[in-house]
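Each remark here refers to the structure printed beneath this line.
Residue numbers (the numbering used here), protein chains in the order written: chain Y, 7 to 188; chain U, 2 to 218.
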């Protein structure tokens, strides 16, 4: 994009793009991964970065790129929160790190348990695939890796998730049958 | 039905999406978000990230450089709040010629002003002896240091030091309260006193327009 574009036109262009394609998906992206207050903070930080780096936003597919920005902003927010918590713990000698609240609105406890047992990068791949519903090429943009690597890791992550779910369900069945014999 | 829809694992994961019950954002909130994001204009942000990434060592070196210049310039300095704003320039023969050390202009906040504020005009502002666009790089013991991006009038130094305004002065005369990292437009009179009453303040497009108009010629 030309840098001699009139600032007002540039603003209007960004606003239209943000409203139509970025804000709603980014809100969902963050809601899936953190508590509401952090999600709000990180959303505004993400939009700020997108605005600042508007020229780098790919015209054809801005969203995966924006997810990548949100991911980094969220990681920063978590890091600084951990720092603050460590400091607060030292000062008050009361360590009470806040867990990310349980993902709301989902009743599939087994699935969330199983997802929680995967490595973070594997779980993130599955989230991007099923929740953001991205293609491997788009996931590759978010994570800044090659599409090929995404395809292979996604396949592996799926198998692991299935196996974890299997373990849980087998365990539940086992307990139930035990209960039945008593 | 897509391939994914036939995939049991995909469907199960998708159905467990924690954001499925998220209501759409309220329009006022979206408008505010966008306003906030875009109020950081590109120039400011470039500067912001430019300084944010600097290591503590860089700041230490910069602070040491400033201290050196202040020490070296002490003989040339008029007392703070004197009749002329003091400008300390490092003696070019005394310093390492390869090091470009910043120069400092000192301004003071006016004493609580008698009289009333007028609406700032470009014509009034044009009478300022000093006017610049700068970013606050540090606030120490009530003295604010700004790194000058652009001089509209008067100065040539790289840095400006100015007293932080009291809350009272701010309430009375709209004297700017400087914030670390903030971008400010500041004007000063012949005697080195900051022009208040809306002539100096946080960077906004309107105030920048006024500065451009005032110092166009």
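The beta carbon of each residue, even a glycine, is placed where N, CA and C say it ideally should be.
{"Query": "Own chain residues within Cβ distance below 7 Å of residue 26 of chain Y, not counting five before or after", "Result": "none"}
{"Query": "Closer than 8 Å to chain U by CB, residue 40 of chain Y", "Result": "no"}
{"Query": "Opening and closing residue of the alpha helix (DSSP H) in which residue 162 of chain U lies", "Result": "Unbroken run through residue 162 of chain U is the beta strand (DSSP E), 160-164; no alpha helix (DSSP H)."}
{"Query": "Segment contact flag, the segment 115-125 of chain Y with the segment 137-150 of chain Y, C-beta cutoff 8 Å, min 3 pairs", "Result": "no"}
{"Query": "Residue burial classification, residue 164 of chain Y (beta-carbon count within 10 angstroms, cutoff 16)", "Result": "buried"}
{"Query": "Reduced DSSP category for residue 194 of chain U - H, G, I as helix; E, B as strand; rest coil", "Result": "strand"}
{"Query": "The segment 51-71 of chain Y contacting the segment 117-126 of chain Y, beta-carbon criterion three pairs below 8 Å", "Result": "no"}
{"Query": "Own chain partners of residue 63 of chain Y with C-beta closer than 8 Å, once the 5 adjacent residues on each side are dropped", "Result": "23, 56, 71 and 72"}
{"Query": "8 Å Cβ shell around residue 48 of chain Y - same chain, five flanking residues per side excluded", "Result": "36, 40, 76, 79, 80 and 83"}
{"Query": "Chain U residues whose Cβ lies nearer than 7 Å to that of residue 24 of chain Y", "Result": "35"}
{"Query": "For residue 198 of chain U and residue 119 of chain U, believed in contact at Cβ under 8 Å, the rounded distance", "Result": "7 Å"}
{"Query": "C-alpha gap between residue 13 of chain U and residue 167 of chain Y, whole angstroms", "Result": "11 Å"}
{"Query": "Three-state secondary structure assigned by DSSP to residue 37 of chain U", "Result": "helix"}
{"Query": "Test item: CB-CB of residue 212 of chain U and residue 185 of chain U under 8 Å", "Result": "no"}
{"Query": "Reduced DSSP secondary structure (H/G/I, E/B, other) of residue 212 of chain U", "Result": "helix"}
{"Query": "Below-8 Å beta-carbon distance, residue 29 of chain U vs any chain Y residue", "Result": "no"}
{"Query": "8 Å Cβ cutoff met for residue 137 of chain U and residue 149 of chain U", "Result": "no"}
{"Query": "Beta bridge counterpart(s) of residue 140 of chain U as assigned by DSSP", "Result": "U:145"}
{"Query": "Among Y:44, Y:30, Y:45 and Y:85, the one whose alpha carbon lies nearest that of residue 138 of chain Y", "Result": "Y:30"}
{"Query": "Chain Y within 8 Å of residue 16 of chain U, Cβ atoms only", "Result": "yes"}
{"Query": "Chain U contact for residue 174 of chain Y (CB, 8 Å cutoff)", "Result": "no"}
{"Query": "Beta-carbon separation (whole angstroms), residue 165 of chain U vs residue 143 of chain U, contact threshold 8 Å", "Result": "5 Å"}
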